[in-house]
Structures are given as C-alpha cells and as structure tokens.
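In the numbering used here, the protein residues as written are 1 to 951.
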C-alpha cells in the first residue's frame, strides 16, 4: 500500500471517529425552526393556505398568501405538506433545514421537495462554522399560545434590554395582513420593430415614359413617382393637401415638397392596482382581493378596463375526523374598446403603412362631399377614418363560485370534494360606416356567446402501510355539465355615418349542451427504497362525442440514491410514463383561423371571422398517447449546488380535429393523425457570495411534429392563412408547413425564366417553409443583494421559417425602403434557365419608366408578390424582462412587512433576421396563425414602475 493511500485512510478514520464522538452533542441541539416558501412546480406561484404538519403530531402551520411558512420541529421529523387539489408531499427534516451551520453536507433528501425551497436554500447557504441555535431575533415569525407558528406576524415589537427582552403582541386571536400592489407603465412600439419605409419618392407612377406625380384623385395608389426633392407645392386649393398640389420644381410657389409621417402608434399609459386583505385565526382564514387595470391601446385612442373581485374563506386547521372547507366567489369584467375583431388592427396597419410618404393622413379623413379622404379613396382607407367611424368592442363578464372540502376519517383515508360553477358572457361588436373600403354599404355585426359550466369532483384516497411497501388507492369521479347559448346578428346597408335602419339583417341562433363524466382509478406501489410503480385507468363518457372506457396510464419512478450512494449527488430521480387519453371539443370552436382561407391577401379589407363552428355528434374524440422519460438530478460541483431536469417526450394524436372546406362550406372533421417528439431540459443553480445570491436558470426545448395520416383521401389540409399562402397538414411533413406560390423549377431545381427575363410562377403551389424552429432557449438571471433584486430574462430561437407578407405588399406599393433601394437596378440577370433549357442571359431593369408600372420588378407579380420570396428566417433574440426592485422595510418592522418599489421593462431589445419581425404574433391573432406575418401587431415594449406595500 502506497504512503498517500495509507494517509487518506488514516484521515478518513479520524473524520469518522470525530463524527461519532460528536453525535451525542448534535442530538441534544437538533431542535429548531424550518422556514421556507411553498410554490407550485410548473409556474412557481406561491401556495397560500397550504398545511404543513409534523407527521404523527398535532404540530402544524399554514402558509400565508405569499406561500411562506415557519414550523418548529426536530431532526428526523417528517413534514407532511397538504394542499387541496395537489398530491401530498413528505419532507424529512435535516439539521441544515433550520439554519444549523455545520460541516455536515447533506447529500440527498428522501422525497423531492417539489413545493418547498427550504432544503435547497439551507444547503446552498452552508458554511463551515459551529452549530448555531436559532433565537427569537433570527426569525420574523413567532410562537402563539398553542406552540404553533402562525403564518402572519404576531409579535408587534421586540425591545431588547440588558437583563430582559420585552415583547409587544398583536391580538393573539385574530391576525391580519393588508397588501397593496400598484403599477404604472408606458407601452410603445420602437421604430426598429417596424418595417423600413422610404421617404424619398412620392405617390405616382411612370406615365408617357416619365416618372409622374399622380395624386389621390387619379386612382393611383403606387409610390413609384418622382423624388420629393424634384417637387414643390403650387399653393392651390386642393382637397388632399392643405399646401396645394405637387408640381415640378420651378412651377409652384417655391415651397418644397415634404415627407409626412403617418405613424398610427402612440405611447400608451397602463395602470393597475391590487388590494388584498387577509384575516385569519388559528382555525380559519378569509381573503378579499380586488384588481383594477386600465390601459389605452397602443394607438392611444381607446381604453381597456378590467375589474376583478374575489372573496374566499377556508378552514386552516387540518385534524383527523374534522371537515375542512375552502370556498371562494369571483367576479370579473373586462371591456376592450379596440379589439382585433375581423382583422381590424391588421387592416388598420395595412392602410397606414402603404400610405405614400407624400400624403398626410392627419389633415382630415373627410372630404367636402362627406366621402372619405385617403391617398386612394376608391381603394384604401384613411386610418383616421377607421379610428373615428367604427363600433367595435369586446365585453366579457365572469362569475365563479367554488366550494371544496376535505375530511380524513382516519390517518390513511381521505375524502375530498369540489363543486364549481362558472358562467361567462361575451359580447362582440364590429361596425364600419358606409364608404369604408371593404364595407362600402356599411356593416354591423354582434355576437353574444354565453357559457355556463358546472363541475363536481369526488376524490377517495386510501393508503396502506405494508412494512417496506406502501400501497395507495385513489379514485376520482368528475362530472361536468356545459351549456352554450349563441346569437349572431349581421346587418348591412346603412346610410352615411349611421348604424340604424339597415336594409338587410340576418340572424343565427344556436343552443347546445353536453354532459361529461370521467372516472379514474389509480393504484400505486412504493418501496421504502424509493421505487414507485403506478397504474391507472381513466374512462371518458360524453353526451355528444361518444365514450372511451379504457385509457390506461402507467408510471415507473426510481430514487437512484436509495439504491446506490453516489458522492456529491443530492438526488437522482428517474421515471418513465405512458398515458392514453382523449380530448373533447368545446361546444364553441374558438379558433377562427379558417375564415381567411378563401381570401387572397388583396381581399383582406373585406375579411370577417363570422363562420363560427360548433361541436356535433359526427366529430369523434381525439385519441392521444403520450410517453416520456424523465431525469431529475441534484448534484454538488465547483462549490455550487446544481439542479438538472431533462425529459424526452413523444405523443401521437389520432383523429385531430380541424375545419375542412367542403362544397364551399367549412365543417369540423377528424382529419389527421399527428405525432410530436422532443427533448427539453432545465439547469439551475444557487450561488452565494456572502450577501449576494445568484440564481441563473437555463431552459432548452426542441421538438418535431409529423403528419402521419390524412383522412378522406385528402392530400393537404390548409389550417390558416390565405388562398395563395397558408399553413397546411401534409403527410410526412411537419404540422403547419407553409405552402404558397413559388417560382417554376426544372428537375435540377433551376428557376425557369420567361422571355422577358423574369422568373415564371409555378401553376401549382409548393411547400416553401417550415415554422418549426431548431430549438428555443430561455435564460433567466436573478441577483439578490440584501434587499436589492435584479431579474433578467432572455429568449432565443434558432431557425424556423416565417412568411413575411407585409414586406411583399410594401414592395408592391413602392413604400418600402427595399423598393426604393432596388428600383434603380438595371441590366440585372436572374439566375436560372430559359423555357428552352438554356442558361438565362436576358437583362432586366427593375423599374424603367419607359416600360410602364406594370413591368416594375415588384408590381408585375401582384399585390402580395410570390410567397416564396417572402420566406424569412424566424430566428430571434429577445430581452424579455428586466426588473430592479428594493424592499425598504427593516427587519422586524413593527408595522410594515413589505414596502418594495421597482422598475421594470419588457421587450426592450429584439434582434431578428429581418426588419419589422413580430415573433410573438399571429395572423389576425388566431390560435394557429403564428409564422404568418401580414401586418400583424408589432412587438410592444413596456417600461414601468411597481410598488408593493404589505402591513
């Protein structure tokens, strides 16, 4: 045996002997206080009112509405965490969990603390120091007379004197907490989030071989006229410009032509207030929560207002044989006076962005004859006309009442029930006065969608201890009754500036209901060494879409560190799952994406989303099979505690439901089988530098979908877009591939060029893009120094395709910077072959005045151009959130618990492959219209101030 090996064995033996000698001392001092915060696993929200009980005792507490708790216990105790609607968790107490700073490094915990950060915070903060017993000054919580920690402050003040500590208490029977959160922010659209527009060339086109200014009265809407520097005003009385008409330099009054700014965006102010009053005793708590939000739209015109009021009551002491209650009533109302109904926002932006730089929309929208004043009165709208002459709003009312209770007849048997009733009322209105382009005769539509839902759930849970094994039996019965009342009224044929006395009105009414019953039986076997195996079966019965009685699920999970010890690993959990389930349709199909599929982009001014669809008995349930392999690993490396989660997942949905066009009518049908496979991981660590705490988190996600089958001999099914470009389902391709007009190519993929030297458009539409990104990354940083907090969130997407139809249309009108830069290109040769198969050598001028506007490079292919040329790389980098805050409250303040103020900003910087990208928007704001950009709402940035006061 070598000398280093003998020395290592000797040192190890000394450490073991030293620990054994100290064990009796540690056992005397192993009583303390565990503090922490309970949060949900999926979104990190606090869990107020959760119970935490030392197993086998009556010692328990409940969390406050920030999820905070503090409980007195011993090392080795088991903390049982219960929250209605969530699986109970058990956490074994270690010395590190209540502040003991010692040299012992805890390598694992027996059960992953999904809803508690007490362990992680304690272990992360371990320093090599002597054991310290907590004292009353080390915690803001206090004992009550029954030796149970209450979730709210009881001690009002602590006065430390040389020979005594004097405590002043609040009333020991009732505890209260008042919180006020307020925010004021400013929303705006940054210029670099908008398309590049030219300010050099006037409205007009080539005429008689020369570039000529052609004003609104001529019917011309192109901006392919002469340069503004070559024009001046003539000072005449001209309805379309207060300065007169444009004429050539030297022929006017000497006032040079100007470039007008026609941006419709303004800085919008957004306000929100939240008041929360919490009152509780040791046996019950009640809460009143009110939220008010008021904001203007990004155009600075109309207002959106939201009010929400919630009152809740719950019992907080969970004891065997006693019935515990949790109930709340909620009311909400939201009024949006500028909704994007019927693509109002998209069409507003289209009309604003294609306006020539030589025309001002702000000199009025009404001509002396009461017709519309715009840069092309017979073809396009003045945005001011749209703002001032509509009847658009979207009003929503919500009522919810919920009652939950739980009783434990014995230590191993629980009964839980939940009754919930919800009613929603939605009224949508869209109105355009006569002489609005797209609705020349005037138009008004109103929808009333009322939904009522009653849900009831009964859960029975029985647990049997079989020595080293544990058996858990669980049964859940859920009943749901859904009711829908729908009314749609559509009118047209109005007199000027009126929505009264239409010449034609149609009305559609529909009333539906359905009953759904779900029965789930669950059994779980668990071994004391951390292995769990569970089986369940779910049965689904619907009064409309049929039944599915056998839906099995199986889950196997292993706690590796209970089987084998691995140094420096805190926990290793491996699991595999397989689940079969079904998805039923709501009574009202909310995705409106099919409504635009029959239109070309040039017809978008007439777009309405009024072909509403409803579930019916011909639609079968969607069948889903999901599987996943998961790993959760906590380890210690480089002086840091790391937490890693990874998951490989897959799914197959059979009978996916989409709207399908048949005989000029859309209907919902089971039309496709679609698979999805992917991988994701999260990596997080906590690092402490004295008083500085750093918590970075990295999230990675990638997936691929594939259409496995199409029904009814379909070759492709459009699901969103226009008739010239759309997202589609095609067998063997990703779900939602982009199909559109494309250049004709030969077998070697060479573009075919016509006799004039320009590429030929293929008669058949082609697959031109795939929206699926290669991967997405999310990166967050949280820095805490004393009471100063800094949070940063970044998003990054690599790959994927987007159809940027906005750019093609701006090129067509000649208002884009690209069209300004390229219109002077001459003698250009497109790479490709002629129709005879020889290399193309024909030169072209992108815009030669002698050839006429119809031969312009961008005009010759029509309003939306060739869809293939609008495909862009969808990669982007976005600074999602920056927030800086500071809490001014001192420790153990006698009145204030929190006074935190902060500044925040969202979407401050977005970097994309092309100008004017909107990676977070979708066509007409539909559910499946992402990666289709046609004058979508741009990225909105926001900066604001927040204040949180708690007493």
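Glycine included, C-beta positions come from ideal geometry on N, C-alpha and C. Quick caveat: nothing in here was measured; it's all calculated off a predicted structure.
Rounded separation between residue i and residue j - CA only
i: residue 942; j: residue 193; result: 13 Å
i: residue 175; j: residue 315; result: 14 Å
i: residue 958; j: residue 789; result: The structure shown has nothing for residue 958, since the chain only spans 1 to 951.
i: residue 470; j: residue 448; result: 53 Å
i: residue 872; j: residue 801; result: 6 Å
i: residue 399; j: residue 484; result: 15 Å
i: residue 939; j: residue 747; result: 41 Å
i: residue 773; j: residue 548; result: 35 Å
i: residue 381; j: residue 354; result: 10 Å
i: residue 555; j: residue 646; result: 16 Å
i: residue 151; j: residue 895; result: Low local confidence applies: a pLDDT of 39 at residue 151 is under 50, so the model's placement there is unreliable, with the coordinate-based value given in what follows. Their backbone Cα atoms lie some 16 Å apart in a straight line.
i: residue 595; j: residue 702; result: 31 Å
i: residue 28; j: residue 636; result: Confidence at residue 28 is low in this model, with a pLDDT of 33, below 50, so the placement of that residue should be treated as unreliable; the coordinate-derived value is given next. If you take the alpha carbons of residue 28 and residue 636, they lie about 29 Å apart.
Best match in the options for proximity to residue i [C-alpha to C-alpha]
i: residue 643; options: 650, 366, 632 and 653; result: 632
i: residue 409; options: 878, 377, 460 and 835; result: 460
i: residue 256; options: 267, 266, 243 and 263; result: 243
i: residue 1038; options: 584, 788 and 187; result: For residue 1038 there is no data in the structure shown, the boundaries of the chain being 1 and 951.
i: residue 313; options: 572, 277 and 344; result: 277
i: residue 404; options: 394, 421, 646 and 832; result: 421
i: residue 691; options: 536, 249 and 787; result: 787
i: residue 659; options: 714, 688 and 601; result: 714
i: residue 903; options: 195, 887 and 910; result: 887
i: residue 265; options: 247, 250 and 302; result: 302
i: residue 212; options: 917, 245, 188 and 924; result: 245
i: residue 388; options: 414, 356, 342 and 338; result: 338
i: residue 310; options: 288, 327, 326 and 565; result: 288
i: residue 254; options: 237, 231, 588 and 240; result: 231
Proximity below 8 Å, CB of residue i to CB of residue j
i: residue 685; j: residue 640; result: yes
i: residue 197; j: residue 935; result: no
i: residue 853; j: residue 222; result: yes
i: residue 545; j: residue 477; result: no
i: residue 488; j: residue 612; result: yes
i: residue 429; j: residue 392; result: yes
i: residue 749; j: residue 883; result: no
i: residue 185; j: residue 944; result: yes
i: residue 952; j: residue 375; result: Residue 952 lies beyond the residue range present for the chain, which begins at 1 and ends at 951; the question has no answer from this structure.
i: residue 525; j: residue 519; result: no
i: residue 855; j: residue 604; result: no
i: residue 360; j: residue 260; result: yes
Own chain, CB closer than 6 Å to residue i, minus 5 neighbours either side, in chain order
i: residue 275; result: 180 and 290
i: residue 305; result: 294 and 335
i: residue 846; result: 822, 823, 825 and 857
i: residue 271; result: 184 and 294
i: residue 783; result: 694 and 790
i: residue 950; result: 179, 897 and 898
i: residue 779; result: 698 and 794
i: residue 562; result: 529 and 530
i: residue 522; result: 474 and 536
i: residue 505; result: 491
i: residue 267; result: 186 and 188
i: residue 947; result: 182 and 901
i: residue 912; result: 876
Supposed close pair residue i, residue j - CB separation, criterion 8 Å
i: residue 757; j: residue 843; result: 6 Å
i: residue 832; j: residue 717; result: With 8 Å as the limit, residue 832 and residue 717 do not qualify as a contact, their Cβ atoms being about 32 Å apart.
i: residue 907; j: residue 878; result: 7 Å
i: residue 809; j: residue 863; result: 6 Å
C-beta neighbour in chain C for residue i, strict 8 Å
i: residue 180; result: Absent from the structure: chain C. Only one protein chain is present.
Spatial neighbours of residue i in its chain, beta-carbon cut-off 8 Å, leaving aside the 5 residues before and after
i: residue 742; result: 761, 762, 765, 766, 768, 866, 867 and 868
i: residue 220; result: 203, 204, 205, 214 and 376
i: residue 928; result: 591, 593, 719, 720, 727, 736 and 922
i: residue 436; result: 372, 381, 385, 386, 389, 442 and 443
Contacting residues, own chain, Cβ-Cβ under 7 Å from residue i (five flanking each side not counted)
i: residue 401; result: 329 and 421
i: residue 517; result: 479 and 541
i: residue 933; result: 802, 803, 804, 805, 806 and 918
i: residue 700; result: 680, 681, 775 and 777
i: residue 458; result: 417 and 477
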